[in-house]
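These protein sequences, in sequence, are chains U and R. Residue numbering for the first sequence follows my numbering, starting at 1 and increasing by one per position. Residue numbering for the second sequence follows my numbering, starting at 325 and increasing by one per position. Accompanying notes for the structure given below.
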Amino acid sequence: MGLVLLGVSVLTFFIAHVVPADPVLAALGEHAREDQIRSYRHAYGLDRPVGVQYLIYVHRLLAGDFGISIRTRRPVAEDLGEFLPATVELGGTAWLVALLLGVPAGILSALYKDRIFDHISRIGSLMGASMPVFWLGLLLLGTFYYRLRWLPGPGRLDVSAIPPPSRTGLLLIDSALTGNGAVFWSALRHLVLPALTLGLFSTAVIARMTRSAMLEVLYQDYIRTARAKGLARARVVLRHALRNAMIPTLTIVGISFGNLLSGAVLTETVFAWPGLGRYATTSAISLDFPAVMGVTIVAAVIYTTINLAIDLLYARLDPRVRYE
Amino acid sequence: MNKPAPRRPGVGPHPLRLLRRSPLATLGAVIVLLYALAALAAPLLAPHPPLTQYLEERLDPPSAQFPLGLDQLGRDIFSRLLFGARLSLMVGLVVVVIAGVLGTAVGMAAGFAGGRVDHALMRVTDIFFAFPSLILAMAIAAALGPSLTNAMIAIAMVTWPVYARLSRAQTLVLVRQEFLEAARAVGAGDLRILARHVLPNALSPLVVQASFNMGDAILIAAGLSFIGFGAHPPTPEWGVMVSEGRDYITTQWWVPTFPGLAILMAVTGFNLLGDGVRDMLDPRLRRAT
Chain U
1 MGLVLLGVSV
11 LTFFIAHVVP
21 ADPVLAALGE
31 HAREDQIRSY
41 RHAYGLDRPV
51 GVQYLIYVHR
61 LLAGDFGISI
71 RTRRPVAEDL
81 GEFLPATVEL
91 GGTAWLVALL
101 LGVPAGILSA
111 LYKDRIFDHI
121 SRIGSLMGAS
131 MPVFWLGLLL
141 LGTFYYRLRW
151 LPGPGRLDVS
161 AIPPPSRTGL
171 LLIDSALTGN
181 GAVFWSALRH
191 LVLPALTLGL
201 FSTAVIARMT
211 RSAMLEVLYQ
221 DYIRTARAKG
231 LARARVVLRH
241 ALRNAMIPTL
251 TIVGISFGNL
261 LSGAVLTETV
271 FAWPGLGRYA
281 TTSAISLDFP
291 AVMGVTIVAA
301 VIYTTINLAI
311 DLLYARLDPR
321 VRYE
Chain R
325 MNKPAPRRPG
335 VGPHPLRLLR
345 RSPLATLGAV
355 IVLLYALAAL
365 AAPLLAPHPP
375 LTQYLEERLD
385 PPSAQFPLGL
395 DQLGRDIFSR
405 LLFGARLSLM
415 VGLVVVVIAG
425 VLGTAVGMAA
435 GFAGGRVDHA
445 LMRVTDIFFA
455 FPSLILAMAI
465 AAALGPSLTN
475 AMIAIAMVTW
485 PVYARLSRAQ
495 TLVLVRQEFL
505 EAARAVGAGD
515 LRILARHVLP
525 NALSPLVVQA
535 SFNMGDAILI
545 AAGLSFIGFG
555 AHPPTPEWGV
565 MVSEGRDYIT
575 TQWWVPTFPG
585 LAILMAVTGF
595 NLLGDGVRDM
605 LDPRLRRAT
């Protein structure tokens, strides 16, 4: 993981410092004076050799210094701290939605293979995996907010709601901790549409993987044996089949987290959700490279950590991996 | 005693014959063909030029004259979708070619050389896998400057590692085969072995991946255009069309709905095709599903 993160730093350095025609002009604008350009170059070490610049960059990163955002004029680390919780809350809920819908749909689809539920589930998951997230978000917003008024629109809370004092930055948890039922309810209702939008792709991918993993397991001899010795069907499915089918599914669950982070960029844009994705988009539009790279690195670290955790869990679930 | 010749790995029945056996893959192939036809014949099929504005009729609903209605600037949505198909398929093809060639070359080199070269090249692919694809693509597109060409480069940069892993795995299996020993024994050089013997036998999973990659590329490109890092207005690109029409979702639903539907159907087509061909080529899956 250390090696991968080192590579992540090289790649982000390359994108931010080497690829743009002139990172100084990108930072200061076209009308910057010569002396401003010189002092900026010196302050950020841009007048030093590229290798030295990279070392300065890594040194700063290790100290949690992502630089100063050109757009907000604040340290990027501070901005990230402010916007990260909204994305964690949205991404976490979407992930939960994906697991709660995707795994049972995959199991049922495998058990009732070639029956009506299987057909509906397969077509649904195929469309879900091909769906443009931003378009789905617009359709849901248009239908359930603008037209039917069943659910609230953009943002994390109703305008009238006063956010609870921030402990975790996650509105659901903060409002629950302070016993503020009204804010909890508002935050929960605001989460429904963006979480469904963001979670659909992962739901589809997880359902497809669970189905094919279950089908592969259900044909094995040990399942036939378990059934033959008179075990109840539910027990065979849940204890014998699902446990083994979960191993390949877990990998997809980890990978789907990367899709959630990618999807968050689009979902947060559609739902004006004040998270990292929207911060990244608005920063990228204003060529605010320190901010864009900050988000990119944080996303890579989160994604790599989740996948490492999945690998460890994998070893716990599958003794063959452990003993290799 | 005459034994039947062992089948070389990776070589199966003809893809077209396999395609006929799976209705879903056939549906995918039909969708893809229809899009390809729409893209090729857009100037002939489109009832109106894609940029011409009929301001008197702007935002009019679908009618005989304008089959999918008009957008906020009075342009015919159907004609714009047809020309958009050209752009989207071109994006997909360019991405598949760049990512496919780069990834396959890296993967085959890693699998063939083995040892340190393999280790180093695979760590490079790991680094690319560490990023959520759209976020890295956005960072690259922002650094290069927002345009459709740069979006294509960015998407290729985030999708090539999959080809690298697939072709490496195939190469690792193939290098142990006897027919490669034979080729070496008759004096074939490394490059010739890779090009004439390894590549043709490693092609099946790469072709499947190319189909998925086309769908992915179309989806990511539309997403990038939607947030302003791909094509720009007035280009009839589907993501741009959804973005431009987003304010009309409740009042004139057809403006953002049809371009979104066009993306959905195109990506579904490529995914169906990829799915079907993969299932047919993998005997284990064929039996199970």
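Quick reminder that beta carbons are idealized off the backbone N, C-alpha and C, glycines included. Only a predicted model underlies this, so the values are computations on that prediction, with no experimental measurement involved.
8 angstroms Cβ cutoff met for residue i and residue j
i        : j        : result
R:Thr449 : R:Leu530 : no
U:Ala207 : U:Gly106 : yes
R:Ile459 : R:Ala541 : no
R:Gly431 : R:Thr495 : yes
U:Thr197 : U:Val133 : yes
U:Trp95  : U:Pro194 : no
R:Leu411 : R:Ala586 : no
R:Leu366 : R:Phe407 : The sequence shown places Ala at residue 366 of chain R, not Leu. Their beta carbons are under 8 angstroms apart, which means R:Ala366 touches R:Phe407 by this criterion.
U:Ala280 : U:Val301 : no
R:Leu472 : R:Glu561 : yes
U:Ala98  : U:Ser212 : no
R:Met462 : U:Ala284 : yes
U:Leu80  : U:Gly294 : yes
U:Phe271 : U:Pro154 : yes
Rounded C-alpha distance that separates residue i from residue j
i        : j        : result
R:Asp442 : R:Gly435 : 6 angstroms
U:Pro221 : U:Arg233 : First, the amino acid is wrong: residue 221 of chain U is Asp here, not Pro. Distance between the alpha carbons of U:Asp221 and U:Arg233: 15 angstroms.
U:Gln53  : U:Tyr44  : 8 angstroms
U:Val192 : U:Thr203 : 15 angstroms
R:His372 : R:Phe402 : 9 angstroms
U:Thr225 : U:Pro104 : 24 angstroms
R:Leu351 : U:Gly169 : 47 angstroms
U:Ala129 : R:Thr592 : 8 angstroms
U:Thr282 : U:Ile162 : 26 angstroms
R:Leu369 : R:Ala363 : 9 angstroms
R:Gly424 : U:Leu188 : 43 angstroms
U:Val58  : U:Gly51  : 11 angstroms
U:Leu172 : U:Val183 : 8 angstroms
U:Arg235 : R:Leu348 : 33 angstroms
R:Leu523 : U:Leu11  : 29 angstroms
R:Gln533 : R:Ala353 : 15 angstroms
U:Arg33  : U:Pro248 : 58 angstroms
U:Val24  : U:His17  : 9 angstroms
R:Gly598 : R:Met414 : 18 angstroms
U:Lys30  : U:Ile37  : Here the sequence assigns Glu to residue 30 of chain U, which means Lys is not the residue at that position. Taking the straight line joining both Cα atoms gives about 10 angstroms.
U:Leu250 : U:Asn180 : 36 angstroms
R:Val486 : R:Arg570 : 33 angstroms
U:Ile70  : U:Ala27  : 6 angstroms
Bridge-paired residues (DSSP) for residue i
i        : result
R:Ile459 : Bridge partners of R:Ile459: none, in fact.
R:Ile542 : None; R:Ile542 has no bridge partner.
U:Ile68  : U:Pro75
R:Leu394 : R:Asp400
Chain R contact for residue i (CB, 8 angstroms cutoff)
i        : result
U:Pro274 : no
U:Pro132 : yes
U:Ser135 : It is worth fixing the name first, because residue 135 of chain U is Trp in this sequence and not Ser. Closer than 8 angstroms to some Cβ of chain R, the Cβ of U:Trp135 qualifies, so yes.
U:Ser39  : no
U:Arg189 : no
U:Thr249 : no
U:Leu100 : no
U:Glu324 : Reliability of the predicted coordinates at U:Glu324 is poor, the pLDDT of 49 falling under 50, and no value is obtained from them.
U:Tyr303 : yes
U:Gly258 : yes
U:Ser121 : no
U:Met209 : no
Beta carbon proximity, residue i to chain U, threshold 8 angstroms
i        : result
R:Asp450 : yes
R:Ile596 : Sequence check: residue 596 of chain R is Leu here, not Ile. Yes, R:Leu596 counts as interfacial toward chain U.
R:Thr592 : yes
R:Pro328 : Note that R:Pro328 scores 47 on pLDDT, short of 50, meaning its location in the model is unreliable and no value can be drawn from it.
R:Ala475 : no
R:Gly393 : no
R:Thr559 : no
R:Pro386 : no
R:Ala612 : The predicted model places R:Ala612 with a pLDDT of 44, which falls under 50 and marks its position as unreliable, so this point remains unresolved.
R:Thr376 : no
Contacts that residue i makes with chain B (C-beta to C-beta distance below 9 angstroms)
i        : result
R:Met432 : Of the protein chains in this structure, namely U and R, none is chain B.
Counting only Cβ-Cβ distances shorter than 8 angstroms, please list the residues of the segment 6 to 19 of chain U near chain R, keeping chain order.
Gly7, Val8, Val10, Leu11, Thr12, Ile15, Ala16 and Val19
In the segment 523 to 557 of chain R, which residues sit with their C-beta less than 8 angstroms from some C-beta in chain U, listed in chain order?
Gly539, Leu543, Ala546, Gly547, Phe550, Ile551, Gly552 and Phe553
For the segment 444 to 469 of chain R, which residues have a CB atom closer than 9 angstroms to at least one CB atom of chain U, in sequence order?
Arg447, Val448, Asp450, Ile451, Phe452, Phe453, Ala454, Phe455, Pro456, Ser457, Leu458, Ile459, Leu460, Ala461, Met462, Ala463, Ile464, Ala465, Ala466, Ala467, Leu468 and Gly469
Members of the segment 142 to 174 of chain U near chain R, C-beta cut-off 7 angstroms
Gly142, Tyr146 and Arg147
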